[in-house]
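Notes follow once the structure below has been shown.
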Amino acid sequence: MAYRELIGDSARDDDYSAVRLTVDDDRIVAADAPGLERSLEGLTLLEAAAVPGATLAADALANAIAPAFTAAPAPGRVAVAMSGGVDSAVALLRAAPNAIGVTLRLWLDPRGPSSERACCSPDAVIAARETCHRLGLPHVTLDLRDAFRAIVVQPFVAGYAAGLTPNPCMRCNGRFRFDALVEFTERAGADILWTGHYARIVERDGIRLVARGTDAAKDQSYMLATVDPRLLDRIAFPLGEQGKSSTRGEAAAAGLAVADRVESQEACFLAGDDYRSFLERQGLERQRGPIVDEGGKVLGSHEGVWRYTPGQRRGIGLAAPAPVFALRSDPATNTLVVGPREALEARHVAVRGRLYLPVSRAEAKLRYRSRAVLADVVPTDEGFTLALDEPTHAIAPGQVAVLYDDDAIVGAGIILGATG
Numbered sequence: 000m001a002y003r004e005l006i007g008d009s010a011r012d013d014d015y016s017a018v019r020l021t022v023d024d025d026r027i028v029a030a031d032a033p034g035l036e037r038s039l040e041g042l043t044l045l046e047a048a049a050v051p052g053a054t055l056a057a058d059a060l061a062n063a064i065a066p067a068f069t070a071a072p073a074p075g076r077v078a079v080a081m082s083g084g085v086d087s088a089v090a091l092l093r094a095a096p097n098a099i100g101v102t103l104r105l106w107l108d109p110r111g112p113s114s115e116r117a118c119c120s121p122d123a124v125i126a127a128r129e130t131c132h133r134l135g136l137p138h139v140t141l142d143l144r145d146a147f148r149a150i151v152v153q154p155f156v157a158g159y160a161a162g163l164t165p166n167p168c169m170r171c172n173g174r175f176r177f178d179a180l181v182e183f184t185e186r187a188g189a190d191i192l193w194t195g196h197y198a199r200i201v202e203r204d205g206i207r208l209v210a211r212g213t214d215a216a217k218d219q220s221y222m223l224a225t226v227d228p229r230l231l232d233r234i235a236f237p238l239g240e241q242g243k244s245s246t247r248g249e250a251a252a253a254g255l256a257v258a259d260r261v262e263s264q265e266a267c268f269l270a271g272d273d274y275r276s277f278l279e280r281q282g283l284e285r286q287r288g289p290i291v292d293e294g295g296k297v298l299g300s301h302e303g304v305w306r307y308t309p310g311q312r313r314g315i316g317l318a319a320p321a322p323v324f325a326l327r328s329d330p331a332t333n334t335l336v337v338g339p340r341e342a343l344e345a346r347h348v349a350v351r352g353r354l355y356l357p358v359s360r361a362e363a364k365l366r367y368r369s370r371a372v373l374a375d376v377v378p379t380d381e382g383f384t385l386a387l388d389e390p391t392h393a394i395a396p397g398q399v400a401v402l403y404d405d406d407a408i409v410g411a412g413i414i415l416g417a418t419g
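For what it's worth, numbering that gives the first Met the number 0 labels the leading residue of the sequence shown as 0, then goes sequentially.
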């Protein structure tokens with residue numbers, strides 16, 4: 000026999016807990032695991048992941064199990080991505096009893112003022128695990144902090160340093176989160192991955208595409224636009240046909256403790272802080288430079304172009320007879336260009352990305368909270384260009400352009416630039 004030893008620990012303040020497991024294949028043959036509600040000996044790793052206990056003991060067990068976790072395939076098993084909030088808890092409730100919860104532990108700025116609302120915080124991981132355990136279901140935590148920092152956080156910092164306005168949540172979903180979750184789904188022997196997103200999946204011309212959720216006020220399809228369509232045959236969004244109030248009601252009726260949990264914040268790694276303070280802690284320095292108008296006339300000074308984004312009005316610090324807005328920046332010369340609001344208007348947009356289906360017309364959404372605008376779409380070698388039907392303000396390089404045909408997302412990519 001080839002035994003393996005799995006070790007995990009967890010600490011908070013002055014408290015500490017540790018777990019040591021001896022495993023033969025995927026079955027535990029010996030366990031030193033104080034603080035759990037029952038013995039782990041004789042259990043598979045899947046069964047052990049459902050054993051509750053004191054918070055730190057359960058955390059230590061999760062840390063021991065996760066790196067080695069596998070489970071034999073089981074028809075009908077559903078992996079549910081758990082954020083610790085009400086949406087994923089209701090998805091889990093619907094998938095029970097043949098469900099397994101999984102939570103990604105991601106990097107948070109340790110110097111941020113608060114991590115309570117972050118979807119990947121230690122408290123969120125604990126809430127997700129406790130929801131699973133209350134329902135008698137297994138839960139696995141994947142510690143992806145280092146990879147997340149390299150793939151999501153560092154490009155966010157580099158983007159601002161280069162004068163862009165990046166959207167880290169799109170990068171997280173498109174290149175990181177769903178890749179990890181689908182890989183875990185296969186490792187867990189599950190048929191499909193469920194998440195609590197308010198979006199739908201539709202099929203067009205034999206291709207599965209993300210589509211808007213039924214509730215326009217809660218629709219999250221934009222944030223999922225860069226998920227590879229090839230993954231969508233392994234993914235489902237069970238809440239896509241309903242709104243938030245229905246979800247909270249369903250959770251309350253089931254007695255779930257997370258029924259009234261507050262929404263998670265965007266850009267979770269900021270840990271509740273302003274992005275400018277975060278960027279400064281990550282090494283972007285305040286460096287005084289000129290503020291100029293479109294003709295190059297110096298109007299004042301700023302403390303670093305990375306502190307401004309196209310369309311920004313507040314915080315520029317100029318006394319002017321009419322409102323002025325940040326138009327663009329030049330990191331090479333540390334120059335901020337400002338002007339009137341009408342100077343922000345553009346109708347032609349270049350995008351690096353891909354079209355999931357060939358389209359010549361689509362609704363283009365150029366920021367998460369912006370209104371979609373009809374546009375002509377022309378494919379290019381690196382993505383596509385847009386000719387908007389109406390001028391649009393504050394189109395920021397680094398943000399994501401998402402194309403909709405009716406409710407289906409048919410293309411997406413990073414905005415390279417915009418012109419009148």
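Ideal Cβ positions, reconstructed from N, Cα and C, are used throughout, including at glycine. Just so you know, these numbers come straight off a predicted model, no measurement behind them.
Query                                                                                                                      : Result
Spatial distance of L141 from G299 (CA atoms)                                                                              : 49 Å
7 Å Cβ shell around T379 - same chain, five flanking residues per side excluded                                            : none
Closest residue to R366 among S359, V377, A342, T391 (Cα-Cα distance)                                                      : T391
Rounded C-alpha distance that separates L136 from G52                                                                      : 13 Å
Span of the alpha helix (DSSP H), counted from its first residue to its last, around Y274                                  : 274 to 280
Strand pairing of H138, partner residues [DSSP]                                                                            : G100
Residue nearest to R346 in terms of C-alpha spacing, selected from R340, P330, L385, S328                                  : L385
Backbone secondary structure at G288 - three-state DSSP                                                                    : strand
Selection from G254, N97, S9 that minimises the alpha carbon distance to A59                                               : S9
Anticipated Cβ contact below 8 Å, T194 with A90, distance rounded                                                          : 7 Å
Contact the segment 87 to 107 vs the segment 235 to 246: 3+ CB pairs below 8 Å                                             : yes
Endpoints, beta strand (DSSP E) assigned at S120                                                                           : It is not in any beta strand (DSSP E) - S120 carries neither H nor E in the DSSP assignment.
Those runs of the beta strand (DSSP E) which lie wholly inside the segment 377 to 414 and span at least 3 residues         : 382 to 391, 399 to 404
Nearest residue (CA-CA) to K217, options R207, A198, P357, R229                                                            : A198
Strand pairing of S328, partner residues [DSSP]                                                                            : L335
Best match in A411, D273, A179, I315 for proximity to G382 [C-alpha to C-alpha]                                            : A411
Per-residue DSSP class, three states only, for A29                                                                         : strand
Counted within 10 angstroms of its Cβ, other Cβ atoms place G83 as buried (16 or more) or exposed                          : buried
Three-way DSSP call (helix, strand, coil) for V350 in this model                                                           : strand
Cutoff 8 Å; reference T69; Cβ partners in own chain excluding five residues on either side                                 : D25, L44, R186, A187, G188
Of the residues R128, A56, A371, the one placed nearest D14, counting alpha carbons only                                   : A56
Boundaries of the alpha helix (DSSP H) in which V156 is found, first to last residue                                       : 153 to 160
Close-in-space but distant-in-sequence residues of the same chain around V124 (CB under 6 Å, 5 per side omitted)           : T102, R104, T140
Rounded C-alpha distance that separates P330 from E40                                                                      : 60 Å
Cβ pair count under 8 Å reaching 3, the segment 281 to 289 against the segment 155 to 163                                  : yes
Opposing strand residues paired with I6 [DSSP bridges]                                                                     : R19
Chain-order list of residues whose beta-carbon lies under 8 Å from that of G419 (same chain, five-residue window excluded) : E344, A345, R346, H347, P390
Contact belief for R128 with A61 at Cβ below 8 Å, rounded distance in angstroms                                            : 7 Å
Within the segment 184 to 266, ranges of the beta strand (DSSP E) (whole runs, at least 3 residues)                        : 191 to 193, 198 to 203, 206 to 211
First and last residue of the uninterrupted alpha helix (DSSP H) at R360                                                   : R360 -> not in any alpha helix (DSSP H); beta strand (DSSP E) instead, spanning 360 to 364.
In DSSP terms, what V181 is bridged to                                                                                     : Answer is none; V181 lacks a bridge partner.
For V323, the first and last residue of its enclosing alpha helix (DSSP H)                                                 : Note, V323: premise wrong, no alpha helix (DSSP H); not H, not E.
Distance, V181 Cα to G294 Cα                                                                                               : 52 Å
Min CB distance P390 to chain B below 8 Å                                                                                  : Among the protein chains of the structure shown there is no chain B, as only one such chain exists.
Own chain, CB closer than 7 Å to A63, minus 5 neighbours either side, in chain order                                       : L5, I6, G7, V18, L20
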